[in-house]
Amino acid sequence: MINKTVKDADEAIRDLADGMTIMFGGFGLCGIPENCISALVKKGVKNLTCISNNAGVDDFGIGLMLHQRQVKKMISSYVGENAEFERQLLSGELEVELIPQGTLATRCLAAGYGMPAIYTPAGVGTEVAEGKEVRNFNGKDYLMEMAFDADFALVKAWKGDTAGNLIFRSTSRNFNPIMAMAGKITIAEVEELVEPGELNPDHIHTPGIYVHRIFQGKNYQKRIEQRTVRNR
Amino acid sequence: MINKTVKDADEAIRDLADGMTIMFGGFGLCGIPENCISALVKKGVKNLTCISNNAGVDDFGIGLMLHQRQVKKMISSYVGENAEFERQLLSGELEVELIPQGTLATRCLAAGYGMPAIYTPAGVGTEVAEGKEVRNFNGKDYLMEMAFDADFALVKAWKGDTAGNLIFRSTSRNFNPIMAMAGKITIAEVEELVEPGELNPDHIHTPGIYVHRIFQGKNYQKRIEQRTVRNR
Amino acid sequence: MLDKEGIAKRIAKEINDGSYVNLGIGIPTLVANYIPAGFNVVLQSENGLLGMGPFPYDGEEDADLINAGKQTITTLPGSAVFDSAMSFGMIRAQKVDLTILGAMEVSENGDIANWKIPGKMVKGMGGAMDLVASAKNIIVAMQHVNKAGESKLLPACSLPLTGVRCVKKIVTELAVLSVLPEGGFKLEERAPGVSVDQIKQATAGKLIIEGEIPEMVV
Amino acid sequence: MLDKEGIAKRIAKEINDGSYVNLGIGIPTLVANYIPAGFNVVLQSENGLLGMGPFPYDGEEDADLINAGKQTITTLPGSAVFDSAMSFGMIRAQKVDLTILGAMEVSENGDIANWKIPGKMVKGMGGAMDLVASAKNIIVAMQHVNKAGESKLLPACSLPLTGVRCVKKIVTELAVLSVLPEGGFKLEERAPGVSVDQIKQATAGKLIIEGEIPEMVV
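Below, the structure is given as C-alpha cells:
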C-alpha cells in the first residue's frame, strides 16, 4: 500500500496557498476538519474560496477563519449561524454563493466520479436557475450544474489507515466522503489512524485512492450546535 | 421500520411479467441473484429485456433463462462465456446491446440518484457514440447517456434486515448496490436475513428505502468461473 | 382555530403506514409526535440518515449524530447512515414519499417561497429546493396569514421562489386546502370553530369551495 | 525478441512507485509479477477492488472475491471494496495513474481497437472503453504483428475503435514505442537481438527513428 501519512495538520496544508478553492467536510459543526481549520487560521492563508455546506459559528469551525478575514467567498447551502458572517456579508467584505444542498452534494459527487456536469430539478423556476441551462427530460425540467473544481478537500473521518482508507461515524459522514473524492488534493484528519489491514475492506467508505494525505488529529472538541434532549 | 420481508423468490417475483425490463446484480457469476433467477425460470416469464453486466454461463445464471428462451434482449458490457447465447445471437433470436461497463454502472447510479442523464467520455469516437449527443466540457468530449428505466432490479446481498437494509460481501458487491437503487421494484435476496438493529447503520451499503422486497435465499451455489490458485 | 400542535396533529393524518417522510424544521418537526402508534413510518434526515429516532436522553447526546436541523437525535433499530450525495439522490429519485415543510407564501398553482426575503439577511435554502423539486407529495404547514395580517395563500408568490408547481396540500391554523392541478386552493376542511367566511377573508388566491365544508377532526 | 513474460517485464519498468494501476487481461496481468520489490503499487480491479493481491492458495478460493477477469484473487492489508459505479468513477476522475491493456490494433495517432472483429462473435468491450477514455497514461502490451503477419501498428485502425487518441506507449515483442502527440510511433528501444530494420518492416504506421536506438534492458 501507499503510505499517505503526514505528521500533522501543519504539514498536511503546507502548500495550501492564498486564493485557492478549498472544500470543507461537515454539516453544521458535525464532522468538520477541526485540526485543519486550526492550522489554516495559524498559517493565515487569505482570499480563500470555501465550499462548505455551512459556515461554522462565531467562535468555531469556518467562523474562526472568517474572524481572520481569510475567506473571500463562501459557497454554501445554509449560513448565518454566525454574526461575523452576517456583518462581513452586509458590508460587502464577503461574497456568498448560496446553492441547494443536494446540488452542492451532487457537484462534489460529479467531481469525484469524473462527470463534468449533472442534471437536477432543484432550483428550476427560481433565481438559482439564472444563467443556467434548463433541459427537459421525460417532461420534467432540470438544471445543468457543473462539477466542482477544488484545489484542496479537507475532511474529517473517524478511523483511517495509512493507505488513506476512511471510515466515518454516524451522521458525521455527511459531505465528507463526497468531498474527499472531489479535491485535487484531499487531506483527511482522523480520530484514530491505524495500520493497513485493521479496517475491514467492506466497511471502508472512502477508498485510499481518493486521499493524498492523512494524519491523526488532536483535541477534538466535536461541539454540538443544537443540544436537544428528552426527559427520562 | 417498514417490513419488506416476503417468503421466498416465488412470492418476490409474483408480479414480474412478460416483456418487462429487469436488472440483475452480479459480475460474472459473482453476486448473482441465484434464487430469483431460478424462480424466473420456473415461472417462465418471457420476452424480457435483461440489464446485466454479463449473461451467465451455459448452465448457470442468466444462461438458464437463455435456455428457456425467456430473454428478448440483453444489455451488457461483456457476454459470450456462453455457447447458447452465441447461438441465439447469431440466429437472430436474441438482441444484444453492448455498452461500456462504466456506462452501464453509471446509468444505474443515475437512475438511483434521480439524474435523467450523465456524461461520460467512454465510447467517444467509437460506434458506441452513434446517435448519441456529444458535448465538450473543458476541452474534452463526452457522451450523454440516459438513466436506466427498469421495472425490477434483482440483487443479491450477504446480509440484510427486514427493513431492506443490505450489506454486501467483498467483490460480490459490484453492480448490486447501484442496481438496487435503480429498480422501480427492487428485490433483494440475502444469505442471512436479520432483524432491524442487528446491522450497524454505518456498515449498510444499501439503505432499505431502495429495497421493496427481501427474503433469505436458499442453496447458494456461488459458482466460481475462473478458479485460479497459486502454489504453496 | 388550530395551534401549532394542532396543525402538526392534522398533518400527521396525511401520513400513510409504511412510508418514508422528510420533515422540515418548525411545525413539521412536531408532526413526528403524532404519527399513529403502530404505524411504521421512517423519517429521513437529509444530512444522511434514514430512521431518525427521538431526541437522546440528557447525557446521551452524540455530537456525531444530528438531524438536518442540527439537533442531537438518536437512531432506531434498522436505521441506515449515508453520505449527502446518496441522501439527495434518494430524494431526487422520489424514494421519499412525503415532504412536509413550512412556507412564507404558497401560490394557487403550487409555487412555494420559503427561503429569502429581499433586503433581509438570507441564510440559504439548505435542502428545501431539492426537496420541493423532487418530492412526490408535498404538504405545507404554515400560518394562513403573516404577522402583518396578509394572506400567505396568494395568486402568485411575491417572494423569491423555492420551487414551482409542487405543493399538493396546505394545512394552516384555519383550514386544510389542496392545490388543484389546474390551479386554485380547494377548501377541504375548516379548523374547529372556523367559518368558511373567515377562510375566504384570509385567502388572497383563488379559493374553490364546493358544497358543505366539513370541520376537521383532529 | 521478447516473449510474453519479457513484454510484461519491460512494461513493469514503466510503473512508478506509489501509483495506482489497472491491468487488463492477458499479458498485462503478468506485469504484476514484475513490479519491483519494495515498490508500493496498488492494483485496481474495475469490478470494485483496490489492492488486488495474488491468487489464493488452493482451497482458499472465495467465490465472492474475484478480479475483473473473473479469477479468484485475494485482498491485501489496506484493500478497499466498492461498487462498480465508484470503481468507474475513480477511473473517470483519473485517480488511476496507469492502465495497461492489450490491443488488436493501434494507430499512429493513438487510437486503439481491441474489442470487436466484424463478422465474428463480439463479446463486448467490458470496461476497456471507460479505461482508455479516461486514463492519464495508457500502455498497450501486444504482439507487433498479427497471426497473418500484418502489422498491428497502423496509420489508422481498420477495426472498430475502442478509444481515440489515448495510447501513450506500446510494448511489443520487438520494441518500445511512444505515440507522439502530433502523431507517429517514435521508436524508443529495440528488443534484445532485434534490428531497427525488423521493426521498420513490422510497422505499417509512421515510424519515427531519431539517432541511435538503444537495445532495451529487461
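So the sequence lines, in the order shown, correspond to chains V, L, W and P.
At position 122 of the first sequence the residue is numbered 122 (the working numbering), and the sequence of numbers has no breaks.
At position 173 of the second sequence the residue is numbered 405 (the working numbering), and the sequence of numbers has no breaks.
At position 69 of the third sequence the residue is numbered 533 (the working numbering), and the sequence of numbers has no breaks.
At position 23 of the fourth sequence the residue is numbered 705 (the working numbering), and the sequence of numbers has no breaks.
Positions of the beta carbon are idealized from the N, C-alpha and C atoms, including for glycine.
The straight-line gap separating the alpha-carbon atoms of Leu638/W and Gly574/W is approximately 18 Å.
For the C-beta of Pro116/V, the chain L residues within less than 7 Å are, from N- to C-terminus, Tyr351, Phe369, Asn370 and Tyr374.
CA-CA distance, Pro177/V to Glu676/W, rounds to 55 Å. Secondary structure remark: continuous alpha helix (DSSP H) runs of at least 4 residues inside the region 528-606 of chain W, in chain order: 548-556 and 592-598. The alpha carbon of Ala163/V has as its nearest neighbour, out of Gly688/P, Gly700/P, Lys686/P and Ile693/P, the alpha carbon of Gly700/P. By the C-beta density criterion, Ser91/V is exposed, having fewer than 16 other C-beta atoms within 10 angstroms. Here DSSP, grouped into helix, strand and coil, assigns Met252/L to coil. Looking at the DSSP output, Phe259/L shares a beta bridge with Cys262/L.
Asn704/P has a beta carbon lying at 9 Å or more from every beta carbon in chain V. Note that the region 828-846 of chain P does not touch the region 759-778 of chain P; fewer than 3 beta-carbon pairs, one per stretch, sit closer than 8 Å.
Going by beta carbons, Gly730/P and Val763/P fall inside the 9 Å limit.
Chain order gives the chain P residues near Cys262/L as Asn729, Ala745, Asp746, Leu747, Ile748 and Lys752, where near means a beta carbon separation below 9 Å. By the criterion of a C-beta distance shorter than 7 Å, Leu98/V is surrounded in its chain by Ser76 and Ser77, once the five residues flanking it on both sides are discounted. As the crow flies, the alpha-carbon of Ala343/L is around 20 Å from that of Leu562/W. With fewer than 16 other Cβ atoms inside 10 Å of its own Cβ, Ala719/P counts as exposed.
Taking 9 Å as the CB threshold, Asn819/P stays off the interface with chain V. DSSP places Leu90/V within a helical segment (H, G or I) once states are collapsed to three. Per DSSP, reduced to three states, the secondary structure at Leu869/P is strand. Distances from the alpha-carbon of Gln221/V to those of Val45/V, Val6/V and Gly31/V put Gly31/V closest.
With a 10 Å radius around the Cβ and a threshold of 16 neighbouring Cβ atoms, Asn497/W comes out exposed. Rounded to whole angstroms, the gap between the alpha carbons of Glu189/V and Phe384/L is 41 Å. With a beta-carbon spacing of about 20 Å, Arg339/L and Phe400/L fall beyond the 8 Å limit used to define contacts. Pairwise C-beta distances place the region 751-765 of chain P out of contact with the region 796-810 of chain P, as fewer than three of them are shorter than 8 Å. Looking at the backbone, the Cα of His205/V and that of Ala157/V are separated by about 10 Å. Taking 9 Å as the Cβ-Cβ cut-off, the region 839-872 of chain P approaches chain L at Pro842, Leu843, Thr844, Gly845, Val846 and Arg847, given in chain order. Counting along the chain, the unbroken alpha helix (DSSP H) around Asp10/V starts and ends at Ala9 to Ala12. Apart from the 5 residues on each side of it in sequence, Phe552/W sits with its Cβ closer than 8 Å to the Cβ of Glu510, Gly591 and Asp594 in its chain, given in chain order. When DSSP states are grouped into helix, strand and coil, Leu280/L belongs to the strand group. Taking 9 Å as the threshold, the shortest C-beta distance from Phe764/P to chain V falls below it.
Ile269/L sits in a helix when the DSSP states are folded into three classes. At the C-beta level, Asn35/V and Phe215/V come within 9 Å of one another.
Among the bridge pairs identified by DSSP, Lys632/W is matched with none. Closest by C-alpha distance to Ser766/P, out of Arg445/L, Lys450/L, Ala354/L and Ser404/L, is Ser404/L. By alpha-carbon distance to Leu375/L, the top candidate from Val827/P, Ala815/P and Ile891/P is Ala815/P.
For Leu466/W against Val682/W, the beta-carbon gap comes to about 7 Å, under 8 Å, which counts as contact. For Ile709/P, no beta strand (DSSP E) segment is defined; the enclosing uninterrupted segment is the alpha helix (DSSP H) at Ile709 to Val713.
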